[in-house]
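**Student:**
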Amino acid sequence: MPREQHFWNSVALAVFVALSAISVALVDAYGNRDFDALGFLDLTLMGLAAFRMVHLLTYDKIFEMVRAAFMDEKGGRLKKAERGWRRLVCEFLECIWCTGIWSALVVVTIYLLGFWGRFTVLLFAVAGIGSLLQLVSKAVAKRSE
Numbered sequence: 006m007p008r009e010q011h012f013w014n015s016v017a018l019a020v021f022v023a024l025s026a027i028s029v030a031l032v033d034a035y036g037n038r039d040f041d042a043l044g045f046l047d048l049t050l051m052g053l054a055a056f057r058m059v060h061l062l063t064y065d066k067i068f069e070m071v072r073a074a075f076m077d078e079k080g081g082r083l084k085k086a087e088r089g090w091r092r093l094v095c096e097f098l099e100c101i102w103c104t105g106i107w108s109a110l111v112v113v114t115i116y117l118l119g120f121w122g123r124f125t126v127l128l129f130a131v132a133g134i135g136s137l138l139q140l141v142s143k144a145v146a147k148r149s150e
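For the sequence shown, the numbering used here begins at 6 and goes up steadily by one.
1) Output the distance between the C-alpha atoms of Ala42 and Leu138, rounded to the nearest integer angstrom.
2) Count the other CB atoms within 10 Å of the CB of Ser5; is the residue buried (16 or more) or exposed (fewer)?
3) Are the CB atoms of Leu118 and Leu46 nearer to each other than 8 Å?
4) Quick check: what's the CA-CA separation for Gly105 versus Ala55?
5) Does DSSP put Lys85 in a helix, in a strand, or in coil?
6) Around the Cβ of Ile115, are there at least 16 other Cβ atoms within 10 angstroms (buried) or fewer (exposed)?
7) Is it true that the CB of Ser15 sits closer than 8 Å to the CB of Leu110?
8) Note down, in chain order, each residue of its chain lying with its Cβ closer than 7 Å to the Cβ of Thr125, except the 5 sequence neighbours on either side.
9) If we count Cβ pairs, one from each stretch, closer than 8 Å, do we get three or more for the region 20-27 versus the region 82-91?
10) Buried or exposed for Met178, going by 16 or more other Cβ atoms inside 10 Å?
11) Bridge partners of Asp77, per DSSP?
12) So the alpha helix (DSSP H) Lys147 belongs to, where does it begin and stop?
13) DSSP three-state label for Asp39, please.
14) Run the proximity test for Leu18: is its beta-carbon closer than 7 Å to any non-hydrogen atom belonging to the ligand MN?
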């Protein structure tokens, strides 16, 4: 990995830490800080919502134009940017583990901020269940061929 990418990875880490601090401050000031009250249903909803957000960012066609904005064009085909912050964004958008941790931060924060956050997470969770059912049905159909 080029030295320049180490710099951009460090920037991404610093941004994540800063956003995490902002998230904690927002939840502390406006949200529900009673983590003991979170049950299995809450964690399931947040997990499904994070799954759906990861899928949206890394795979879904509707987000393709955003992913393409950070890529380079070589011979009429899109490929990952060679270097710099655009490469960092490309790597972030293609890595489900990277996207997952950022998505989890967003999902947990909005969930803990009250009704509208919970409503948004519920929508993403229902969409996540739909995505999982679609993946299962495709796997079953492929297996029965």
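We treat Cβ as the ideally placed atom computed from N, Cα and C, and that holds for glycine. Bear in mind that the values here come from a model prediction, so they are computed numbers and not experimental data.
**Tutor:** Checking against the coordinates, here is how it stands:
1) As a first step, residue 42 must be located in the sequence shown, where it is residue number 37. As a first step, residue 138 must be located in the sequence shown, where it is residue number 133. Rounded to whole angstroms, Ala42 to Leu138 spans 29 Å at the Cα level.
2) Here the chain covers residues 6 to 150 and nothing more, so residue 5 does not appear.
3) To locate residue 118, count along the sequence shown from 1; it is residue 113. To locate residue 46, count along the sequence shown from 1; it is residue 41. For Leu118 and Leu46, no; Cβs fall outside 8 Å.
4) On the sequence shown, position 100 is the one that residue 105 refers to. On the sequence shown, position 50 is the one that residue 55 refers to. So the alpha carbons of these two residues sit roughly 7 Å apart.
5) The residue labelled residue 85 in the question sits at position 80 within the sequence shown. Coil at Lys85, not helix or strand.
6) For this step, residue 115 is matched to residue 110 along the sequence shown. Answer is buried; the Cβ neighbour count reaches 16.
7) By 1-based counting over the sequence shown, the position of residue 110 is 105. By 1-based counting over the sequence shown, the position of residue 15 is 10. No, they are not a contact pair.
8) Sequence index remark: in the sequence shown, residue 125 carries index 120 (1-based). Closer than 7 Å at Cβ, skipping near neighbours: Ile115.
9) no
10) As displayed, the chain neither begins before 6 nor continues past 150, which places residue 178 out of reach and without an answer.
11) Numbered from 1 along the sequence shown, position 72 holds the residue referred to as residue 77. Note: Asp77 sits in a beta bridge opposite Lys84.
12) For the purposes of this step, residue 147 is identified with residue 142 of the sequence shown, where counting begins at 1. Lys147 -> alpha helix (DSSP H) spans Phe120 to Arg148.
13) On the sequence shown, position 34 is the one that residue 39 refers to. Of the three classes helix, strand and coil, the one that applies to Asp39 here is coil, per DSSP.
14) This structure simply doesn't include the ligand MN, nor any ligand for that matter.
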